[in-house]
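> The structure is given below, and queries will be raised subsequently.
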Amino acid sequence: TKRDKILPGKKFEMTFEYAPQTIETKESFWSFELLGPRVEERFLIAGRVEEPRVGMDKPCINFGERLLEAVARDTVRLVNKEHIPFSFNIDQGSYQLEGQQPALSVSPLSGVVGPDSFIDIQVAFKPMEERPFNFNVFCNVKRKKEPVVLNVKGMGYKIHASLAVAVEGPGGRRAIHQGIAEQLDLGVLQVLEQRTVQLYLGNQSKRNFPYKIQVQSGPNRKMKPLGSFDKPPYLEIQNSLNVAVCGEETPITLTYKPLDVHRLDGCTLQVVIPAGPAEEFFTIALTGGAKKSRVDFSFARHDFGPCFIARSGATMAGMPMSDPEHDGRYERVELVATNRDDTDCLICLTELDDCTKPWLDVQLDTGGGVEAMIEAGASLKIPIVFMPREVSDYAQRIEFVVNKESKYVDVRGRGCPLRLELTDLEMQQVDFGVTTGGEAITRTVKVVNRSKRPVTFQLVDEKGELSGKAVSWPEKPQTLKPRETADIELKFNPTYRTEIDHAWLTAQCDHGVEVRLLQVTGVCHSSEMRLSEQFISFGDVVVDSQATAHARLHNFGNLGSKFRFEVPPKYAKLVSITPKEGFVRPGEEVSLTLAFHPTQDRLREFKRANGGKRGKGASQANGGAAAPAAEDGRDLSDMGITCRDIKCILDSQKPLTLEVTGHCVPLAPGETRSMSFSTEVRVAATQKISISNPGPTDWKLQPQVSTTEPENANYFWCPTEVAVKAGETKEIEVTYKPLTMTGAMNGDPESPGKKQRSERHRGRIFVGTPDGNAILYTLEGVALQPKVDKKLQVEVPCKKQYTQPVPIKNWLSQRQRFDVKVELVDPLPGSDGAQGINPPQGVSTFDLPPGLEREYRFSIYAYHECQAMVRVTFTSAETGEFIVVEVGINFVSAKPVTIQMEAACRQLARHKIAVLNPLNRDVRFTGSSDDPYIRWGPEIVVPARGEKTIDLLFRPVVEGTGVAQVRLKSDVDELGTFPYEVSWTATPAGRERALVLKAPLGGTAGFAVDTFRFMHYASQAVTYTATIEGAPSHKGKEGDFIIENPTIQASACEPGESIARDVEVKFQPSMLGESRALLVISGAGGGEYRALLTGYAQPPQPQGPYPIQSGKSAEIKFRNPFDKAESFFVQVDNTAFVPSAKKIRLDPQKVEPIVVSFPAASAPAGGRLIISCEKVSTPWIFFLKGEL
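Numbering (full-length UniProt numbering), first residue to last: 1 to 1188.
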């Protein structure tokens, strides 16, 4: 106000307000006056304008790279540091352009910011184009001369992704397009088989982006993330990164492994790519499915019944040497597996534990393999061989895996012994005596079957000693029922010199048992003529020349013989023998000279006689084709001659035959040779061609590649699109990867049942250019046989059958059936290094659907540590194509076989181990053990290709459990050492033999002594201590048994030996009746011995007589046998004797002398001292004898 009052003692304030409308400086003059006393005060007020302190807390915002249509937000503060409020307004025209979609939005656009406060402004960036953005946002503040500027930057980008699936053929890939449901056929698989498809996700963007894969299992189902194989649709992705790297391709492995029967129809796979608020999809419609193999078994259980024992032993050292199909030595049954499916299936056998089941052999494959292939609609016969080893019951469940699905067959049986004998032991020696050629001698023996079941047997020559000795016997198998007999007739009808010296005839039973029945002896004197050569080849012989060869005619008999050679007439002018006839003495030989002398005239005559027809003994020329009839004058220099009918006529035996052959040739003019180079089949070879672009614009070329021979094949390819910039030259890489070989198969293009191969693969490549020109290349390739397609290396333990999987993929688009050859190439079969390796075995055929990969399996067994190389060759039966896979196997130390042994202390337990010798020579085996109480039986010598058993012995001395390492070592490197791990359990020993003692109650003779003997087995010196303990069924008092020497010393024992030790036990009863106690003998390291002690206290027995001289006295010692103090009454039955006391009281076990006097007497006297007690009804009687 301009007028007011000032009260006394008070102050007054006046406010001036300055509100400028312009920025110029303003001045104003004012005066202050008091109305009473005249007082006036003048002053000047000046004002100037300043910029308000209002602005943004940061000058710029950088949103960086953002996906198109994706919103990014940030906050900026408008700060007012003045003491008065200010209004503001955002200029939309500063960041929004007319005609374009807005990429930036600001909120709020206007408002008031209070004094000394701030307000938040939201900035949103939403790019709609793939380009950089830069905005200057103006914020007008009232009373502020210049607007507040906020700089906003950002860049919009888009995801550029591509998806392709790997396929067979040119380029090897097929593109998957967005927005289109592409089809992908995974085929129809067997349950538990798997197929893998490779996807390639390309990222052509400027930065990495995440992706996800989801699946829709059927129509009207929700999309869900792809899981594992556990549930339908049984798909799994094997790439867990889920991030696509910019500028690269991300491989995605899709695996289909069905666990049950189902179909993939209606199943959709999506690869989801983020593209801002929305998502982009690559959609793949999956087709295919899975089915179970329909394989039926002819039976689910089989009982062999009682069968003959084949081998003894419970544990097998080495691989059982199972015999081939139709071996009648063992009981066998054929399990027929029928494949009722429309595709082949693979049946595998779960490996039986050879160490615990040596009595059963399942021959899934004739070669001894563990798997086999069953063709669609076909059946497979699986022999099951039962080989009992002892008289007991057997049972086993066999597991078969059909395309990874388990099926079971139960078998059982019982072992019994085989007894086939001669009815009379005198028949064992059959002597034919001495004869000359042409005289037949016959002997008859009788055989009986003493077994409990029929026996089928066949007589065989055990060592081949009767081979060629003109001895005959019934060779057909014979069957004898229990207790049945049969006559066997032996005939000796020689026509040449021979001698039989105690040759054994063995009855070979079809249950694996061979019985020596009889010995044969006989002599025949005759001539025996033999030719040193039965076939002579003259090789190539020039016409009009002569070739000679030499042979010998031997007489090995003891009689001489004439000889004469006969040559067929049509060969007589071509072949001659010198000498043609003669005589050969016993033990001598004649040298023969054979000549082949062809001429043109003789060859024409031979052709006329032969008629130009092909037949036995006819000439063969030009590799086996019959030579046409030749006209006179024609050159017949190239002709083969073979004569098979040359005979040597002898006096006393059948004629000998000789065959000769020769080839007529003209003079050779020389040889021509050639050489070529190419690539192996299924191995890519590349070359480059150059294309120049002379024009001013870039070219995008699409080369067209085709394979013309063979048809419907794609062996040549190159990139489908090539970019050539202006003025540059581009090289195109052309790839040749043949899937089939070229040239004739096995050198014979007319092989039946095989497809004809192309001599060369041919193709063409055509490139059209935008300038109207074109480039054409003709392509030609030669595919040679492969060397080794794949090499595998494994490490396995020896002495255990190992099954090796070999992955093999069908590289063709058609089903292939392979003939498989599995061979050991290192060490070479038959060499010393291969003696300890059983040859690898596997199925001989293998079937593969198109494009599918399966595992082929073969089994191998090694007896010692070594390295082996196995070569597996897969040959297509239809095309002759083959794949070679080499598997290097490093056999390391065998893992010990676990054997369970249990025995009571000091009791002997045995475990039999059957030892097989696969070698062709005898082998000695010895055992070792790291436990002194586990030892081997005597060393054994196993004959070649034979078997024996050795005992493993266990006799513990201390109870407990433990593990011991034992080894069975051979004396040859080929078999090495067989390790075993014995898990042993020693149970407490039972009681030793009881000791019974009898003694009368009381008196000085009231005790009995006996000796207890025990065996000491410990391998160390032991100090034993003997004590007495109460018996479980306690009777009497254990204190009645006394051990006077409780310490016993025992020295160390040798393995398998023992030492006897004695302990004396004294029985001194304290009551009538029976008493029992335990004698316990123990020592550290020697175990504990327990024996029951039984003592019988008999009534007091009379003692004496005690002599007493007349007028003298004698002391009779009496012991209180009870454990308490008792009173005893003393009396005599003859007054001639006087005791010192009539009643005495004695402490327990105290001995008190009783004095008996015999006063002076005139004659000898006799009497009894009688001591009685209330606890015993029978008194103690001591006979007295008084003497003068």
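A virtual CB, placed ideally from N, CA and C, is assigned to each residue, including glycine.
1. Tell me the DSSP bridge mates of F386?
2. Compute the distance between the beta-carbons of M373 and F882, then report whether it is under 8 Å.
3. According to DSSP, F16 sits in a beta bridge with which residue or residues?
4. P115 by DSSP, collapsed to three states: which one?
5. Just how far apart, CA to CA, sit F583 and G946?
6. Please report the straight-line C-alpha distance between P1153 and L1146, rounded to a whole angstrom.
7. Measuring CA to CA, which of K573, R195 and P586 is closest to A166?
8. Provide the residue(s) that pair with D826 in DSSP beta bridges, ordered along the chain.
9. If we ignore side chains and look at the alpha-carbon of each, how far apart do V1176 and A1136 end up?
10. Going by CA-CA distance only, name the one from D826, V982 and F297 that's closest to I398.
11. Classify R673: buried if its beta carbon has 16 or more other beta carbons within 10 angstroms, exposed otherwise.
12. Going by alpha carbons, who is nearest to E484 out of K491, N493, E465 and T456?
13. Determine contact between the stretch 950 to 958 and the stretch 896 to 910, defined as no fewer than three beta-carbon pairs at a distance below 8 Å.
14. If we ignore side chains and look at the alpha-carbon of each, how far apart do Y200 and E279 end up?
15. What do you reckon, are the CB atoms on S893 and Q816 nearer than 8 Å?
16. Assuming G927 and L968 are in contact, meaning their beta carbons sit under 8 Å apart, how far apart are those beta carbons, in whole angstroms?
17. Ignoring anything shorter than 3 residues or poking outside the stretch 73 to 126, list the beta strand (DSSP E) runs there in chain order.
18. Count the other CB atoms within 10 Å of the CB of T686; is the residue buried (16 or more) or exposed (fewer)?
19. Are the beta-carbon atoms of C267 and V197 separated by less than 8 Å?
20. Is it buried or exposed, K948, if we count other Cβ atoms within 10 angstroms and call 16 or more buried?
21. On the CB-based measure, 16 or more other CB atoms within 10 Å of its CB, does E371 come out buried or exposed?
22. Can you list, in chain order, the stretches of the beta strand (DSSP E) that have 3 or more residues and sit fully within the stretch 852 to 929?
23. Which class does I6 belong to by DSSP, given the choice of helix, strand or coil?
24. Is there at least one non-hydrogen atom of the ligand SAH closer than 7 Å to the beta-carbon of V148?
25. So the candidates are K5, F1183, F1041 and G1087; which of them puts its Cα closest to the Cα of P1107?
26. Do A285 and A161 have their beta-carbon atoms positioned less than 8 Å apart in this structure?
27. Residues in its own chain within less than 6 Å of P696 by CB, not counting five upstream and five downstream?
28. Between R762 and the rest of its own chain, which residues show a CB-CB distance below 6 Å, the 5 nearest in sequence each way excluded?
29. Where Y980 and R910 are concerned, what is the direct C-alpha to C-alpha distance, given to the nearest angstrom?
30. By Cβ distance below 8 Å, which residues in the same chain neighbour E631 in space, the five residues on each side in sequence not counted?
31. Tell me the rounded alpha-carbon separation between A549 and V541.
32. Under the three-state reduction of DSSP, which class applies to L603: helix, strand or coil?
33. Run through DSSP, which three-state label would N610 get?
34. Taking C-beta to C-beta, are P738 and C718 nearer than 8 Å?
35. Specify whether the stretch 27 to 38 and the stretch 48 to 55 touch according to this definition: at least 3 beta carbon pairs, one from each stretch, less than 8 Å apart.
36. Would you be able to state if there are at least three C-beta pairs under 8 Å between the stretch 119 to 139 and the stretch 73 to 90?
In terms of the structure at hand:
1. E331 and L360
2. no
3. Paired residue(s): none; F16 is not in a bridge.
4. coil
5. 49 Å
6. 11 Å
7. R195
8. M869
9. 27 Å
10. F297
11. Here R673 scores only 41 on pLDDT, less than 50, and its place in the model is too uncertain to base an answer on.
12. T456
13. yes
14. 19 Å
15. no
16. 5 Å
17. 86 to 91, 104 to 107, 110 to 113 and 117 to 125
18. exposed
19. no
20. buried
21. buried
22. 853 to 862, 866 to 876, 882 to 892, 897 to 904, 909 to 916 and 923 to 929
23. coil
24. Among the components modelled here there is no ligand, and therefore nothing to report on the ligand SAH.
25. F1183
26. no
27. A726
28. T708, E709 and E780
29. 15 Å
30. Unreliable positioning characterises E631 in this predicted model, as indicated by a pLDDT of 44, which lies under 50. The coordinate reading is nonetheless provided below. Once the five neighbours on either side are set aside, E631 has no close Cβ partner at all.
31. 12 Å
32. helix
33. helix
34. no
35. no
36. yes
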